[in-house]
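Worksheet for the structure shown next.
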Amino acid sequence: MEAVPALARLRTQRVPLRFYRRDPVTVGRALLGCALVRGDRAGVIVETEAYLGPEDKASHSRFGPTARTSVMFGAGGVSYVYLCYGVHELFNIVTGDADQPGAVLIRALAPLVGLPDDPGVGRGPGKLTRALGITRADDRQILDRDDLFVARWERVAPTRIAAGPRVGVDYAGRCADRPLRFWIEDHPSVSKAPRRREA
DNA sequence: GCGGGGATTAACT
DNA sequence: GTTAATCCCCGCG
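If you want my numbering, it's the 1-based position in the first sequence plus 116.
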C-alpha cells in the first residue's frame, strides 16, 4: 500500500465531531478499528481505555477542572496530551458534551501508513505517541484538522472486542476493577497481552 | 514553595 | 521480579 493514496482515502473517511459527543465507553469501543492520523503517519487503533468524570478515581478529572485537565470538561473531539512519569506523552481524546467530563486513552496502534511494519512500534500508549510524533504541542487540538484526525478504517465485529480492567491504575480502589479497557482480541499490537502458551 | 506520586518503558538481576 | 529515568501536576501551608 502506498502512503499517499492511503492518506487521501483516510481524509474522506474522517469521523465527524459528533462521533466524540457520546460517553467514553461508547467512544472507546467505537474507536477500535479506526485510523489515527498524524501528519503523514497513521495507525489502526486496537486498544483504548475509558476515563470518566470525577466519580472515577482513576481519571484526571477527579480533581475538577485544573489548568491541565479543564479540556476534559469541554466538548468532545479535542485532544488531551500529557506527560506521564516525566518520560512519555500520552494521547487522549475528550468525549461527551461540555460539562460531561471524560476521555479515551489510546493505548495501542497497528502500523498503517508511514510506520515500520512492526507490530511492536505502536504497542503501548507511550510508544505510539513517539511513533506518530505526537507531543504536548498537540494538546487541546480539535480533531478536524488535516494533520490530526480519526478516520473510519476497518469494521470490528463486537464479538472480537474484549474488555477488562484498566492498566496502571491500582491506586483507584474500586474504580480500578471496572472493565473500562477495550481491545481487539488476539491482535499482535495490543499491549500487555496475555502470553500465549507454547504448543 | 515543598513533597509525593504517577493512565510507562526498557534494561537490569 | 525490580528499578531507574525524569518532570510536572496537585494539594497543602
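Built from N, CA and C at the ideal position, the CB exists for glycine as well.
Please read all numbers here as calculations on a predicted model, not as lab measurements.
Contact set for residue i: own chain, Cβ-Cβ below 6 angstroms, skip 5 residues either direction
{"i": "residue 278", "result": "299, 301"}
{"i": "residue 286", "result": "292"}
{"i": "residue 304", "result": "235"}
{"i": "residue 175", "result": "167, 168"}
Cα-Cα separation, residue i to residue j
{"i": "residue 261", "j": "residue 291", "result": "34 angstroms"}
{"i": "residue 133", "j": "residue 212", "result": "10 angstroms"}
{"i": "residue 135", "j": "residue 201", "result": "31 angstroms"}
{"i": "residue 295", "j": "residue 216", "result": "20 angstroms"}
{"i": "residue 244", "j": "residue 237", "result": "7 angstroms"}
{"i": "residue 270", "j": "residue 182", "result": "36 angstroms"}
{"i": "residue 258", "j": "residue 193", "result": "6 angstroms"}
{"i": "residue 275", "j": "residue 263", "result": "32 angstroms"}
{"i": "residue 125", "j": "residue 225", "result": "19 angstroms"}
{"i": "residue 179", "j": "residue 163", "result": "26 angstroms"}
{"i": "residue 147", "j": "residue 268", "result": "8 angstroms"}
{"i": "residue 288", "j": "residue 209", "result": "21 angstroms"}
{"i": "residue 153", "j": "residue 241", "result": "15 angstroms"}
{"i": "residue 266", "j": "residue 149", "result": "10 angstroms"}
{"i": "residue 131", "j": "residue 151", "result": "10 angstroms"}
{"i": "residue 203", "j": "residue 248", "result": "16 angstroms"}
Contacting residues, own chain, Cβ-Cβ under 8 angstroms from residue i (five flanking each side not counted)
{"i": "residue 391", "result": "Here the chain covers residues 117 to 315 and nothing more, so residue 391 does not appear."}
{"i": "residue 255", "result": "187, 195, 196, 197, 198"}
{"i": "residue 214", "result": "189, 190, 191"}
Identified DSSP bridge partners for residue i
{"i": "residue 195", "result": "209"}
{"i": "residue 151", "result": "160, 267"}
{"i": "residue 298", "result": "164, 279"}
{"i": "residue 130", "result": "267"}
{"i": "residue 204", "result": "200"}
Close beta carbons around residue i, own chain, < 7 angstroms, minus the five adjacent residues each side
{"i": "residue 314", "result": "In this predicted model, residue 314 has a pLDDT of only 43, less than 50, meaning its place in the structure is not dependable; the value taken from the coordinates is given anyway. There are no such residues."}
Short Cβ contact (8 angstroms threshold) for residue i with residue j
{"i": "residue 188", "j": "residue 144", "result": "no"}
{"i": "residue 122", "j": "residue 272", "result": "no"}
{"i": "residue 159", "j": "residue 231", "result": "yes"}
{"i": "residue 205", "j": "residue 250", "result": "yes"}
Inside the segment 217-267 only - alpha helix (DSSP H) runs reaching at least 4 residues = Inside the segment 217-267, DSSP marks whole alpha helix (DSSP H) runs of 4 or more residues at positions 241-248, from first to last along the chain.
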